Every structure is written in C-alpha cells, then in structure tokens.
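Numbering of the sequence shown is given in the numbering used here, commencing with residue 530 and proceeding in unit increments.
Built from N, CA and C at the ideal position, the CB exists for glycine as well.
Predicted model only: the values in this text are computed from it and were never measured.
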Amino acid sequence: MSRTVFVLNGPNLNLLGKRQPEIYGAETLADVEAACRETAAGLGFDIRFHQSNREYEIIDWVHEAREVAAAIVINPAAFTHTSVAILDALKTFDGPIIEVHISNVHAREAFRHHSYVSAVASGVIAGFGTQGYTLALQRVARLIHAG
Ligand code: DQA
C-alpha cells in the first residue's frame, strides 16, 4: 500500500503570506509545506508538495498521483470555481481526495460558493486557515487505515 500523499496547490498560493493576509494569514506556502511534512512524518506518510499557477501542471500531477499516491489533498484555489478539467482529472483517481480552502469560501463572494472539485472530494475543509492542510492529512490517515 502506498504511503505517498500528494498535496497540490493552485494559482496565487505561491504568494501566501503576502497576498491578502487579512484573508489568508501571514504564513507562507513554505510554512505550510513544513507543517505538512512534520504532520506527514508523524503519520508515516511521504508527501509530494506542489504549487502551480498553470492548470495543466495540476492535471499532470493528478495523473502522476494515479500511479504512486494513496490520497490527494488539494487546494485548487481559483480553479476550484472554474475547472472542469481538474474535476475530470480527479475523477480518474481512486483514493481519497480532500479539498482544502484556507478561507471560509461560503462567507465570501457568491462565485466562491460553488466548487467543481467538491463533487469528487471525500471531504472539504474551509475556513480553518492553513491548519486545514494538516487536518486534511490527519483525515487521510484515518481514511486509509479504515480502508
Ligand atoms: C482559496 C479560496 C479561493 O476562492 C481563492 O480563489 C483562492 C484560495 C482558499 O484557500 O481559501 O485562491 O482556495
């Protein structure tokens, strides 16, 4: 059984810490990656952590995950609300998918209320700040052990 979990991040998340800190907080994506690595190590996971501003790269990582990963944690950022292509890629993945949003998208603009990705997610975490990522990894551990 694979112990690899892909943690995928969509557009503009490379600017975490600088971008609208009143919404997304002061932590950088490097801080999030470090927290994920620490949590993953405790859970016995090997993680692959990626960010891209390009839709096709996220799709390619989902395809790669099909071959090697037990689960995917994904914050698709703005692609959440627009990307049928990422949804279709995720539909080809057999393991658990956890969708993460740092902010509470439901308390924001109406266009953020719909997610294409939620249709294939085992669960969705929104509004827990960057802690949502480590909570998602803990959920993955539970889902994988139950399987
Ligand atoms: C986000 C919410 C999205 O609506 C937004 O486009 C993002 C980040 C979040 O983590 O809260 O870029 O996914």
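Local conformation of residue i per DSSP, three classes
i    : result
I552 : helix
L537 : strand
E584 : helix
E628 : strand
F578 : strand
A569 : helix
A599 : coil
Distance cut-off 7 Å: residue i Cβ against heavy atoms of ligand 1
i    : result
T611 : no
Inter-residue Cα distance where the pair is residue i and residue j
i    : j    : result
M530 : S651 : 19 Å
L619 : V649 : 7 Å
A639 : I576 : 33 Å
G554 : N633 : 12 Å
I603 : H579 : 10 Å
L545 : H674 : 32 Å
I631 : T659 : 5 Å
V561 : H592 : 23 Å
A636 : I552 : 11 Å
Inset, instruction - Report all residues for which the CB-ligand distance to some heavy atom of ligand 1 is below 6 Å; order them along the chain. - result: Every residue whose Cβ sits closer than 6 Å to any heavy atom of ligand 1 is listed here in chain order: N541, N604, A606, A607, T609, H630, I631, S632, V634, R641.
Inset, instruction - Taking only runs that begin and end inside the region 632-667, name each unbroken beta strand (DSSP E) of 3 or more residues, in chain order. - result: When DSSP assignments are scanned along the region 632-667, the uninterrupted stretches of beta strand (DSSP E) that are 3 or more residues long and fall wholly within it turn out to be 652-655.
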